[in-house]
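Asker: For the sequence shown, my numbering gives the first residue as -16, with consecutive numbering after it.
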Amino acid sequence: MQRIFVQSEFASLHAVIVAECEFRLPDADFMTGEQLAKELSILPLSEQEFMRSILGTDMRDSKPDVQKRWEEERSKLVDLFRQLGVTVYRPEKLTALQKLNRGKAGYSNNFVRDPLMVIGNNVIEASFRFPHRCEEILPCRPLIEKLVMPAECGYFAVPRPDILPIDADFDKAGPFLEGGDVLVLDKNVFVGISGRASSLKGMNYLAKLLAPQGYKVHRVALKPNFLHLDCAMGLLRQGLMLVCPEAFIDGIPEYFREWEKIEVSMEEASALGTNGIPLSPNVYITDPIFERIGAEINKRDIDVHYIDFTISRSLGGGFRCSTQALHRED
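Right, here's the structure in full:
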């Protein structure tokens, strides 16, 4: 039986889900031009242009060469995990009906970090703000049935959000809670809120759910040009973190005041420089474009493995976004 338990972001990784590569952005007329520009503004300009070029199309059809490279990136990650002794699972593919369900809103099955989260022995289905992501949990359900249901763990879901337009007042919408905003450190859970993904309502649900188990949930206010908390910081081991200081409205969370910090620039963070993945306190995976960051990590006696993740990053997600830890424990 697969053990389901996540102790922290850097506890030894024993089992992981690696995302599939299915993606269709909303049609160009699904939202106003102003709203589209706002949603894309978190990306570097070159990636904004690429996103505009694939509006309303499945990547497999409109950019088959890019799709092939994307799948190769994920395959290399799977191979490295297995070489390092990590058990790897993959979600199902979206069915034809699942792809059609949101119509012009599109669909996605490409960043498995966000549709669920594992905190201790709690598996929690997320709640998305973006309509094209709302079915993203469905390809994971067979794995949940196979691995989670027999395991000694809880299984929960964030309450379904109200049905409102994408540009609705964020404070009135939701609850939204996405895995990229949730970082786990033993009994402390950090939730990023930027106004683009997770909401205060979602965070409050999580706090209520976990309080009886002794967890403390910390709100982390992010500037609106950051989608998720894992785009702004990453925990490498106890006392050591990657962080982009400019990402935070109220400064780096006080909890980490005494931690050693490897600082990441805004440019590096926007390219997902904090979104690597620890395999343990001694091993880390990132993209070779972040060689400077990798060298700083390596100076702290952490082995760094590099995989080119250019396509994944161009779609807004790095290594953490592309994975969901099922078992992390020392």
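Where a beta carbon is used, it is the ideal one built from N, C-alpha and C, also for glycine. A quick note: this is a predicted structure, and the numbers were derived from the prediction, not measured.
In this structure, how does DSSP classify His211 when only helix, strand and coil are distinguished?
Answerer: Looking up residue 211 in the sequence shown gives position 228. Coil.
Asker: What ranges does the beta strand (DSSP E) occupy inside the region 259 to 291, keeping only unbroken runs of at least 3 residues that lie completely in it?
Answerer: Here the runs fully enclosed are 260 to 263, 266 to 269, 286 to 289.
Asker: Are at least three pairs of beta-carbons, each pair with one atom in the region 91 to 103 and one in the region 300 to 312, less than 8 Å apart?
Answerer: At 8 Å Cβ cutoff, the stretches touch.
Asker: Between the C-alpha atoms of Glu250 and Asn208, what's the straight-line distance to the nearest angstrom?
Answerer: If you number the sequence shown from 1, residue 250 lands on position 267. If you number the sequence shown from 1, residue 208 lands on position 225. Approximately 12 Å between the Cα atoms of the pair.
Asker: Spell out whether any CB of chain D is found under 8 Å from the CB atom of Ala(-6).
Answerer: Among the chains of the structure shown, chain D does not appear; only one protein chain is present.
Asker: What do you reckon, is the C-beta of Lys199 under 7 Å from a heavy atom of the ligand SAM?
Answerer: Among the ligands in the structure shown, none appear at all, so the ligand SAM cannot be discussed.
Asker: Specify the secondary structure class of Gln(-15) as computed by DSSP and reduced to three states.
Answerer: Taking the sequence shown and counting its residues from 1, one reaches residue -15 at position 2. If DSSP states are grouped into helix, strand and coil, Gln(-15) belongs with coil.
Asker: Helix, strand or coil: how does DSSP classify Val95 here?
Answerer: Looking up residue 95 in the sequence shown gives position 112. The answer is coil: DSSP assigns Val95 none of H, G, I, E or B.
Asker: Do Pro9 and Gly39 have their beta-carbon atoms positioned less than 8 Å apart in this structure?
Answerer: The count along the sequence shown starts at 1 and reaches residue 39 at position 56. The count along the sequence shown starts at 1 and reaches residue 9 at position 26. Against a cut-off of 8 Å, the Cβ pair of Pro9 and Gly39 comes out as a contact.
Asker: So, with DSSP's three-state summary, where would you put Asp41?
Answerer: Start at 1 with the first residue of the sequence shown, and residue 41 comes out as number 58. Note: Asp41 maps to strand in three-state DSSP.
Asker: Do Ala140 and Ile102 have their C-beta atoms closer together than 8 Å?
Answerer: On the sequence shown, position 157 is the one that residue 140 refers to. On the sequence shown, position 119 is the one that residue 102 refers to. No. Outside cutoff.
Asker: Just curious, the alpha helix (DSSP H) that Arg35 is in, first and last residue?
Answerer: Numbered from 1 along the sequence shown, position 52 holds the residue referred to as residue 35. Counting along the chain, the alpha helix (DSSP H) containing Arg35 begins and ends at 28 to 36.
Asker: Per the contact definition of three or more C-beta pairs closer than 8 Å, is the region 44 to 56 in contact with the region 69 to 86?
Answerer: Judged by Cβ distances under 8 Å, the region 69 to 86 makes no contact with the region 44 to 56, as fewer than three pairs qualify.
Asker: Please confirm whether Lys170 and Gly197 have their CB atoms less than 8 Å apart.
Answerer: Your numbering for residue 170 matches position 187 in the sequence shown. Your numbering for residue 197 matches position 214 in the sequence shown. Yes. Within cutoff.
Asker: List the endpoints of the continuous alpha helix (DSSP H) containing Ile294.
Answerer: Translated into the one-based positions of the sequence shown, residue 294 becomes position 311. Its alpha helix (DSSP H) spans residues 293 to 297.
Asker: Distance, Cα to Cα, Tyr267 vs Gly259?
Answerer: On the sequence shown, residue 267 is found 284 positions in, with the first residue counted as 1. On the sequence shown, residue 259 is found 276 positions in, with the first residue counted as 1. Their Cα atoms are separated by approximately 7 Å.
Asker: If the criterion is Cβ atoms closer than 8 Å, does the pair Met186 and Leu160 meet it?
Answerer: For the purposes of this step, residue 186 is taken as the residue at position 203 of the sequence shown. For the purposes of this step, residue 160 is taken as the residue at position 177 of the sequence shown. Yes; because the gap between Cβ atoms is below 8 Å, this pair is in contact.
Asker: Can you check the region 59 to 146 for any alpha helix (DSSP H) of at least 4 residues that lies completely inside it and give the ranges in chain order?
Answerer: For the region 59 to 146, whole alpha helix (DSSP H) runs of length 4 or above, ordered along the chain, are 79 to 83.
Asker: In chain order, which beta strand (DSSP E) runs of at least 3 residues are fully inside the region 180 to 243?
Answerer: Runs of the beta strand (DSSP E) inside the region 180 to 243: 199 to 204, 216 to 220, 223 to 226.
Asker: For the beta strand (DSSP E) containing Glu5, list its first residue and its last residue.
Answerer: Along the sequence shown, one-based indexing puts residue 5 at 22. First-last of the beta strand (DSSP E) with Glu5: 5 to 7.
Asker: Can you tell me the Cα-Cα spacing of Ala252 and Leu28, whole angstroms?
Answerer: Residue mapping note: residue 252 aligns to position 269 of the sequence shown, counting from 1. Residue mapping note: residue 28 aligns to position 45 of the sequence shown, counting from 1. In a straight line, the C-alpha of Ala252 is about 14 Å away from that of Leu28.
Asker: Looking at C-beta atoms only, is the number of pairs between the region 269 to 286 and the region 210 to 230 that lie closer than 8 Å three or more?
Answerer: The region 269 to 286, when compared against the region 210 to 230, does touch it at the 8 Å Cβ threshold.
Asker: Taking the C-alpha atoms as reference points, what is the distance between Ile290 and Leu99?
Answerer: On the sequence shown, position 307 is the one that residue 290 refers to. On the sequence shown, position 116 is the one that residue 99 refers to. Cα to Cα, Ile290 sits roughly 25 Å from Leu99.
Asker: When DSSP labels each residue in this structure, what does Gln18 get in the three-state scheme?
Answerer: By one-based count along the sequence shown, residue 18 stands at place 35. Of the three classes helix, strand and coil, the one that applies to Gln18 here is helix, per DSSP.
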